[in-house]
């Protein structure tokens with residue numbers, strides 16, 4: 075029986091044998107933490123020192139906050155930690171139990187009078203202590219670096235201790251997974267391959283699943299992909315990496331996109347589960363492993379076909395999809411590539427197992443089974459055997475819906491959000507997460523649009539994607555003249571608690587009423603437009619409000635809250651039909667001063683916003699229709715330029731091919747009557763940005779460039795026209811006639 079003293083002696087002997095791992099581990103963390111922190115902090119401190127008399131107090135504070143954030147990141151959830159911890163976990167696991175792969179070392183270890191349980195614990199705990207001690211020492215050294223640069227705080231100290239606990243748990247989970255791979259394998263090469271498989275298999279399968287859905291299902295959307303990839307991970311490396319990526323530091327304090335408590339709880343629980351389960355499994359496998367297993371690639375023979383099946387199936391599927399994509403043929407090459415990949419994969423795995431070329435002819439039944447399963451999985455996706463694209467819940471099953479454009483950018487609504495903590499993820503994600511409308515009209519409008527698109531899918535399949543022009547006109551796949559066809563995303567929140575994400579194609583002309591219903595939904599508006607935020611209203615007193623009509627900025631100086639409430643009442647009717655049938659006559663610009671610059675939001679004002687226009691008129695701000703934003707007296711002349719390319723690149727070219735040489739033709743109009751007609755066809759560029767172009771493109775006459783020269787009276791009024799263009803189909807005919815007359819022949 076081994077005494078406690080002899081056990082301690084054996085542990086110290088093991089430490090001496092592995093002292094180089096401690097040195098490597100310590101040096102790696104030393105460079106990653108205190109030395110890197112010292113370099114980064116010294117660079118910023120040098121800037122502060124060199125420009126001590128030039129920087130304002132606010133700039134000094136900002137730089138100090140940047141230094142504090144840099145230190146907090148260095149001792150906290152830094153992005154490099156999963157990679158370094160993963161590398162060291164594999165190193166310590168493989169090196170610690172490398173004796174399992176050598177007959178000479180195995181005989182030596184087995185001759186020592188120590189039970190297998192104690193031998194496992196001795197080596198296992200040594201690996202934990204090597205990393206933990208190195209990490210703790212380097213953490214303390216980094217604290218002293220922070221103290222030396224006067225940026226170390228109690229908050230950073232507490233955060234770093236929290237990160238130390240989580241990072242150690244992540245290391246333990248990766249270490250135990252690596253130990254499982256070590257116990258399963260019979261040599262170093264397969265052990266390293268096994269570590270890679272166990273740490274990345276889950277990620278590979280998830281990404282393969284996402285790739286299959288995005289390749290074969292038209293209704294699969296990025297939001298569903300994000301939800302899938304942001305869920306909990308059993309792979310400790312990927313889970314730890316995602317956790318560190320979701321957390322960053324501002325002013326030395328930890329920030330996260332998700333609820334911090336929820337993020338920590340979910341990932342810590344996953345890491346803890348893997349650490350405990352992996353440790354127990356590694357111990358059991360160590361006890362069950364046969365002494366002579368070093369002669370085999372896999373220590374447990376029964377595991378070989380299981381591993382081959384679960385490796386071969388995703389490999390064959392991925393190779394088949396890639397082959398089909400490269401060949402642009404998802405029929406022949408998809409399945410041919412899968413068959414060939416299964417043959418190659420089987421040969422490689424068998425040679426790794428047996429280290430004999432003849433082994434590739436063995437276990438052919440397993441190969442054919444894996445091949446058949448791979449083809450079956452591809453058939454499910456290729457032919458949509460589960461009806462993924464045709465899924466449509468009943469209205470009675472739906473609790474709420476959220477709907478948005480797939481690529482929503484909304485120039486005047488939420489593209490800058492200083493009121494929300496952390497990094498803003500975008501309007502699309504915000505709407506999907508927060509809209510949650512239970513309005514029966516909205517639910518029915520969404521279902522109608524999805525149903526209309528699904529019916530067009532049937533037509534598309536009937537014609538093998540090559541839809542005749544006459545048939546195309548009756549489907550949502552046709553392109554509108556104004557680009558009103560878009561991909562949208564819906565999130566169904568079902569009454570049974572299930573969440574379903576789908577995307578669908580919308581043709582604005584065919585579904586105008588449904589789009590109107592969605593855009594005027596109260597939940598949609600409050601989550602898409604900044605003006606509905608309580609924080610926006612609270613900051614209103616600090617804002618400056620201007621009205622701009624294409625020529626002049628005018629400040630609104632009366633009751634700001636009254637203007638905002640009045641505008642919101644008018645804006646409640648803002649929908650697709652309003653965008654299509656009218657153009658803004660001006661915009662309201664809300665400017666919020668910040669520490670550096672200001673945030674601005676510009677919202678459209680339409681001619682039918684009578685209550686808003688009335689309030690503006692009370693502030694001596696005149697609102698005219700967009701056709702009358704300038705009068706003929708305000709313009710000295712209008713120059714129109716036409717670029718002629720003699721290659722018939724434009725179907726609406728003013729000249730026949732070969733009629734004239736390529737040239738730039740400019741003409742000026744000075745007569746008041748001509749200017750008046752031209753102004754009726756002109757629209758300001760800046761107003762175009764708030765004309766709802768994410769839903770309906772304001773079409774311009776691309777043939778001409780327009781430049782206005784303002785009159786002396788307009789200059790005295792300080793009119794500022796930054797750019798204008800002709801609206802399509804509104805350009806007067808005499809413009810083309812004068813261009814033709816001015817051409818050099």
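In the working numbering, the protein residues as written are 75 to 819. The beta carbon of each residue, even a glycine, is placed where N, CA and C say it ideally should be.
Return the bridge partner residues of residue i from the DSSP annotation.
i           : result
residue 756 : 800
residue 559 : 581
residue 327 : 324
residue 629 : 620
residue 715 : 740 and 779
residue 566 : 475 and 574
residue 784 : 709
residue 511 : 475
residue 774 : 801
residue 259 : 372
Shorter than 7 Å from the beta carbon of residue i to some beta carbon of chain D?
i           : result
residue 418 : Looking for chain D here will not work: only one protein chain is present.
Please determine, among the options, the residue with the shortest C-alpha to C-alpha distance to residue i.
i           : options               : result
residue 235 : 754, 451 and 211      : 211
residue 704 : 651, 773 and 787      : 787
residue 171 : 198, 160 and 153      : 198
residue 295 : 577, 683 and 151      : 577
residue 274 : 291, 313, 289 and 245 : 313
residue 471 : 448, 550, 574 and 404 : 574
residue 755 : 418, 699, 458 and 339 : 699
residue 640 : 622, 360, 679 and 323 : 679
residue 465 : 142, 566 and 418      : 566
residue 104 : 638, 137 and 216      : 216
residue 715 : 794, 659, 757 and 810 : 810
residue 288 : 632, 589, 816 and 463 : 463
residue 222 : 141, 280 and 166      : 141
residue 191 : 241, 467, 147 and 353 : 353
residue 469 : 416, 254, 512 and 428 : 512
Should residue i and residue j be called a contact, given that it needs their Cβ atoms to be closer than 7 Å?
i           : j           : result
residue 779 : residue 742 : no
residue 685 : residue 644 : yes
residue 344 : residue 306 : yes
residue 370 : residue 260 : yes
residue 564 : residue 517 : no
residue 394 : residue 412 : yes
residue 151 : residue 321 : yes
residue 268 : residue 282 : no
residue 265 : residue 256 : yes
residue 586 : residue 651 : yes
residue 505 : residue 572 : no
residue 768 : residue 510 : no
residue 290 : residue 547 : no
residue 325 : residue 139 : yes
residue 408 : residue 398 : yes
residue 208 : residue 100 : yes
residue 713 : residue 653 : no
residue 317 : residue 299 : no
residue 473 : residue 569 : yes
residue 533 : residue 549 : yes
residue 310 : residue 348 : yes
residue 149 : residue 243 : no
residue 477 : residue 520 : yes
residue 728 : residue 689 : no
residue 628 : residue 695 : yes
residue 634 : residue 795 : no
Which residue spans inside the stretch 570-604 form an unbroken beta strand (DSSP E) run of at least 3? 573-581
| Cβ contact check for the stretch 575-593 and the stretch 560-567: 3 or more pairs under 8 Å | The way I'd put it, the stretch 575-593 does touch the stretch 560-567; three or more beta-carbon pairs between them come closer than 8 Å.
Quiz item: Would you say the stretch 378-395 touches the stretch 408-426, given that touching needs at least three Cβ pairs under 8 Å?
Solution: yes
At least 3 beta-carbon pairs within less than 8 Å: the stretch 728-735 vs the stretch 760-767
no
- request: Pair every Cβ in the stretch 795-812 with every Cβ in the stretch 767-777, then say whether three or more of these pairs are closer than 8 Å.
  value: The way I'd put it, the stretch 795-812 does touch the stretch 767-777; three or more beta-carbon pairs between them come closer than 8 Å.
Practice task
Scan the stretch 468-492 and note each continuous beta strand (DSSP E) run of 3 residues or more that stays entirely inside, going in chain order.
Solution key: 472-479
### Query
Does the stretch 658-677 come close enough to the stretch 586-596 to have 3 or more Cβ pairs within less than 8 Å?
Between the stretch 658-677 and the stretch 586-596 there are fewer than three inter-stretch CB-CB distances shorter than 8 Å, so the stretches are not counted as touching.
Flag this pair as touching only if the stretch 153-166 and the stretch 238-257 have three or more C-beta atom pairs under 8 Å; answer yes or no.
Yes: the two stretches touch, three or more of their Cβ pairs being nearer than 8 Å.
Worksheet item: Unbroken alpha helix (DSSP H) runs of length 4 or more, entirely within the stretch 655-717: which are they?
Response: List check, alpha helix (DSSP H) in window: 684-692.
* Sufficient close CB pairs (3 or more, under 8 Å) joining the stretch 110-122 to the stretch 190-207 -> As far as the Cβ criterion goes, the stretch 110-122 does not touch the stretch 190-207, which means the pair count is below three.
### Message
For a minimum of 4 consecutive residues, which ranges assigned as the alpha helix (DSSP H) are wholly contained in the stretch 290-314?
### Response
Runs found: 296-303.
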